[in-house]
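Student:
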Amino acid sequence: MTDSPRPDPAFTGGVVKPSYARLLEPQTVFARRAQRFRALASGHDLSPYLSFLADLCEAQHDIQEGLPPTELPSADALARAREFAMPPLDRNRFTADAACDATFAELFGRIERCALTPAAHVALQKVRNADAAGLAVMTQAVLSDSIPVESLAEHVFVAAALQVHFARLAAQLDARELVAVGDGVCPVCGGPPASSLVVAWEGSGGARFCACALCSTQWNYIRAKCCVCGSTKSITYQGIEGDPGTIKAECCDECRTYVKVLYQEKDNALDPIADDVASLGLDLLVRETGLRRGGVNPFLIGY
Ligand SMILES: [Zn+2]
Ligand SMILES: [Zn+2]
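Residue 410 is where the sequence shown ends in our numbering, and the numbering goes up by one at each step.
1. Could you tell me the boundaries of the beta strand (DSSP E) in which N327 lies?
2. Any heavy atom of ligand 1 within a distance shorter than 7 Å of the CB on V295?
3. Could you check whether the region 215-229 touches the region 164-177, counting it as contact only if at least three pairs of C-beta atoms, one from each stretch, sit closer than 8 Å?
4. Could you tell me if the beta carbon of V368 falls within a distance shorter than 7 Å of some heavy atom in ligand 2?
5. Closer than 6 Å from C-beta to any heavy atom of ligand 2: which residues, in chain order?
6. How would you call P379, buried or exposed, if buried means at least 16 neighbouring beta carbons within 10 angstroms?
7. If I measure Cβ to Cβ from R275 and keep anything under 6 Å in the same chain, skipping five residues before and after, which residues do I get?
8. Taking the straight line between their C-alpha atoms, what separation do you get for G313 and G352?
9. Assuming R87 is part of the beta strand (DSSP E), what are its boundary residues?
10. With DSSP collapsed to three states, give me the class of E357.
11. Between the Cα of G401 and those of V335, K340, D350, spot the shortest distance and give me the residue it belongs to.
12. Within its chain, find whatever has a CB closer than 6 Å to the CB of K355; leave out the 5 residues flanking it on each side and keep chain order.
13. Would you mind working out which of V306, D383, D252, T396 sits nearest P299, comparing C-alpha positions?
14. Any heavy atom of ligand 1 closer than 7 Å to the CB of C317?
15. Which residue wins for smallest C-alpha separation from A301, given the options D383, I329, R363?
16. Fully enclosed by the region 247-324, which alpha helix (DSSP H) runs are 4 residues long or longer?
17. Is it the case that the region 358-368 contacts the region 320-336, given that we only count it when at least three CB pairs across the two stretches are under 8 Å?
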């Protein structure tokens, strides 16, 4: 599978200017991520968990073919969102529809076929048996980044279903119509980035893109600028000594957070969600300095 963006007609100084935002194809993003989790799992301290996430991403990929089409907000609502620089698929105003309900049902059913620990199996039964109100509460917790630590496993399944639903919705948008809606905010769903990527696409000139864990959108964000508060005053980078330098934490002394930067220009296989989980060692190191994670990745909550 290739990872090149669609050609961009906007030329500046003879160099192709990268689009502001990039919408990934749901038909490939989860399959690629499953492969990446699988590769990372080999010989890793977190191997069983990474293998479980590989299975989960495979399930996210597999169920899509049988799902009903997703429905975007009306053209008027999309135009209004653009006019007022609001996210067109605002996660804070989300309510589940038939396509979302079907995604929950199909994904939870498909996960039954994954190798699950007894605890994960119990969690799966809980989400499968949850009524609409119970699912709505869990959906709300995922979308507001307030997943309760005591029921993490249930929320990982709900988050995985919402990733499929939002990625399918986002893919129906026109990337050229997307506008910046604020520092550290996804221009499609209004959420925080999980991590960021310095990309190696032809003509991208080493541009940095933030990556959303919910809708899979990637948006251009200048380098050496905090992805959380937008400050450029005191940005430093921390990596793990002796590693290949493909992942660093971009640390901001203004808001005391960090967001990872993945150098895809050094390794094109890096995935903003999978490699974020697999580089947990970097989180542990940076947290010792008193900084907290600015990126939100539902697969990393609880660590
Ligand atoms: Zn998003
Ligand atoms: Zn900051």
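Glycine is no exception: its CB is placed at the ideal position from the N, C-alpha and C atoms. Small disclaimer: the values here were computed from a predicted structure and weren't measured.
Tutor: The answer reads as follows:
1. 325-327
2. yes
3. yes
4. no
5. Output, sorted by chain position: C333, V335, C336, S338, C359, E361, C362, T364.
6. buried
7. P133, T177
8. Distance between G313 and G352, taken at the CA atoms: about 15 Å.
9. Past the boundaries of the shown model lies residue 87; the chain is included only from 108 to 410, so the question cannot be answered.
10. strand
11. V335
12. Y344, G346, V368
13. D252
14. no
15. With distances taken between Cα atoms, A301 lies closest to D383.
16. 259-277
17. Cβ pair count under 8 Å is three or more, so yes.
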